[in-house]
Amino acid sequence: MVWYPAVTKSYKSEQYQVEKGFRFLKDKTFRVSEGINNQILFPGLNMADGQTYFLLMLILLILSDFWFPYPMIISAPVTYFGIILLILGLWVIFWTRSLLLEQRTTLSPYETPTALVTSGPFSISRNPVYLGMTAILAGSAIFMGSGITFVFPILFILIIEMWFIPVEEQKLERVFGEQYLEYKKTVRKWV
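So the number in the numbering used here is just where the residue sits in the sequence shown, counting from 1, plus 19.
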């Protein structure tokens, strides 16, 4: 069993239960979101909010800079702007997480939310965690400066846009109905 700080020792219906968003399954499946089952990337690991793809893209971004030393398309001091973007992305993610915890609603897209949070970063973007992850990837690509690294933030956006956001928005529409539809009219999906 893989260890994370939040692991509990209770067993329910063949699942190792983990607080707010992580599940380790005995059958070694990896669930991307409801209706999608991907056993290829990380068998036995179920991470919320596209974290698996984010981590995969971040690792590939860093490794690609070493494996394929393409010519630098951005050089210092402009590359240092990437650090600012990376820090901004981390800040947005932590701010979003704290608001969700404060409202006592789920952090996991696999669970049913109990509150519709529309303040803080949710007043700017309907998907602030994905926005923060994208900012981290884009900041890393800018900091690295090579052309190949910019593929990974774009690929991450495509994956999230196609597989995660539609499923999550359908769930929110089902749970919150008209309240969520009104929120969708006033706040953009990304920024």
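Beta carbons: idealized from backbone N, C-alpha and C, even for Gly.
The structure presented is a predicted model; accordingly, all values stated were derived computationally and were not measured.
Residue of the options minimising C-alpha distance to residue i
{"i": "residue 130", "options": "173, 190, 166", "result": "190"}
{"i": "residue 112", "options": "188, 187, 156, 195", "result": "156"}
{"i": "residue 165", "options": "134, 104, 87, 74", "result": "87"}
{"i": "residue 204", "options": "107, 170, 172, 145", "result": "145"}
{"i": "residue 70", "options": "175, 167, 89", "result": "175"}
{"i": "residue 90", "options": "182, 153, 168", "result": "168"}
{"i": "residue 206", "options": "84, 134, 143, 160", "result": "143"}
{"i": "residue 107", "options": "118, 148, 198", "result": "148"}
{"i": "residue 83", "options": "160, 194, 199, 186", "result": "160"}
{"i": "residue 73", "options": "109, 96, 98", "result": "109"}
{"i": "residue 133", "options": "173, 193, 180", "result": "193"}
Exposure label - residue i; buried when at least 16 CB within 10 Å
{"i": "residue 201", "result": "exposed"}
{"i": "residue 177", "result": "exposed"}
{"i": "residue 100", "result": "exposed"}
{"i": "residue 196", "result": "exposed"}
{"i": "residue 154", "result": "buried"}
{"i": "residue 152", "result": "buried"}
Contact test: residue i Cβ vs the ligand MG heavy atom, cutoff 6 Å
{"i": "residue 87", "result": "What this structure holds is no ligand at all, so the ligand MG is not there to describe."}
Nearest-angstrom Cβ-Cβ length linking residue i and residue j, presumed shorter than 8 Å
{"i": "residue 116", "j": "residue 105", "result": "Between residue 105 and residue 116 the Cβ distance is about 17 Å, and since that is not below 8 Å, they are no contact."}
{"i": "residue 158", "j": "residue 93", "result": "Not quite, the Cβ-Cβ distance comes to about 12 Å (not below 8 Å), so this is no contact."}
{"i": "residue 208", "j": "residue 184", "result": "7 Å"}
{"i": "residue 128", "j": "residue 187", "result": "5 Å"}
Extract the residue ranges of the alpha helix (DSSP H) inside the segment 113 to 188, only unbroken runs of 4 or more that lie entirely within it.
147 to 163, 170 to 178
For the segment 133 to 145 against the segment 74 to 92, are there 3 or more C-beta pairs whose distance is under 8 Å?
no
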